[in-house]
Each structure stands twice: as structure tokens, then as C-alpha cells.
Amino acid sequence: MGKDNNPRRVAENEAMAKSRMLRTSPQKLNLVAAMIRGKPVSKALTDLTFSKKRIAGDVRKCLQSAIANAENNHGLDVDELVVVEAWVGKNIVMKRGRPRARGRFGKIMKPFSELTIKVRQVEEQA
């Protein structure tokens, strides 16, 4: 009598994770997301660990969450996972300001972003 289960938003061999309210601009976050697209997850985690970008730590957390979702919720093999998609979206922008010369007001925008990472299990070819 209850409602049916929601249909899966990803394929049977995929898993995803989403991070919201990341305190950086989408343009800067996309630089780090582009760094991991299409790579095996072990290589992507290594690249994020040794990246000098501040936001790389949050991207690494999101990637680890996607890996954990794949392993625990979908029963996928961690060693065969590849980052197939990593996309960035805008979130809120906090507006702050600073008094400037001659009675003016300098706008300071503090943007937030969100990140979605999708991993897929791909069989390694010999």
C-alpha cells in the first residue's frame, strides 16, 4: 500500500556524491574538478592529496564519499572505479561591503559552490 521506491538516478555500475556550500567560487572549484575527471579514483585521490589548492581537501572528501557510496550502497569494486563526471554549480553569494573614499561603498562578494562527483566501475583491459 506504500509508495514505490524512487528510481535510481545513476546506472547500476555508478555511484555519486554531492558537496554543497563549499566556500569558493565555481570557477576556482572547476579547476580542481577538471584535474580529476576521467582518472581512476586512486590516481585522483593522490592528485588531490598533493594539490596546492585550498579547496582540494573538500573535493577529496567528496570523492571519498562517492567511493564509499559505491562500495557500501551499490556493492561495486573500489579498485575498478573511475571518475566519469565531476561538475560544479553555483550556490548562494554572501554580499559584504567596505566603505571606500568619497562616501562610496565597495562590494565584496563571497560566493559558494556545489560539487557533484560520479564514479563508474570499469573493467580493466589486459
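For the sequence shown, my numbering begins at 20 and goes up steadily by one. Even glycine gets a Cβ: it sits at the ideal position worked out from N, Cα and C.
Alpha carbon of residue i to alpha carbon of residue j, nearest angstrom
i, j, result
"L67", "V29", "25 Å"
"T65", "L100", "14 Å"
"K129", "Q140", "37 Å"
"I127", "R117", "7 Å"
Contacting residues, own chain, Cβ-Cβ under 7 Å from residue i (five flanking each side not counted)
i, result
"I86", "V60, V97, L100 and V138"
"I74", "L41, T43, K47, L48 and V51"
"A36", "C81, S84, A85, N88 and I136"
Close Cβ partners of residue i (< 6 Å) along its chain, the five nearest in sequence each way excluded
i, result
"A52", "A105 and V107"
"V103", "K137 and R139"
"K109", "P45"
Bridge-paired residues (DSSP) for residue i
i, result
"S38", "L134"
Sequence-distant residues of its chain with Cβ nearer than 8 Å to residue i (five each side left out)
i, result
"R79", "L64, L67 and T68"
> In chain order, which continuous runs of the alpha helix (DSSP H) of length 4 or greater are located wholly inside the region 47 to 131?
Replying inline: 60 to 68 and 75 to 91
> Does the pairing of the region 78 to 92 with the region 108 to 126 give three or more beta-carbon distances under 8 Å?
Replying inline: no
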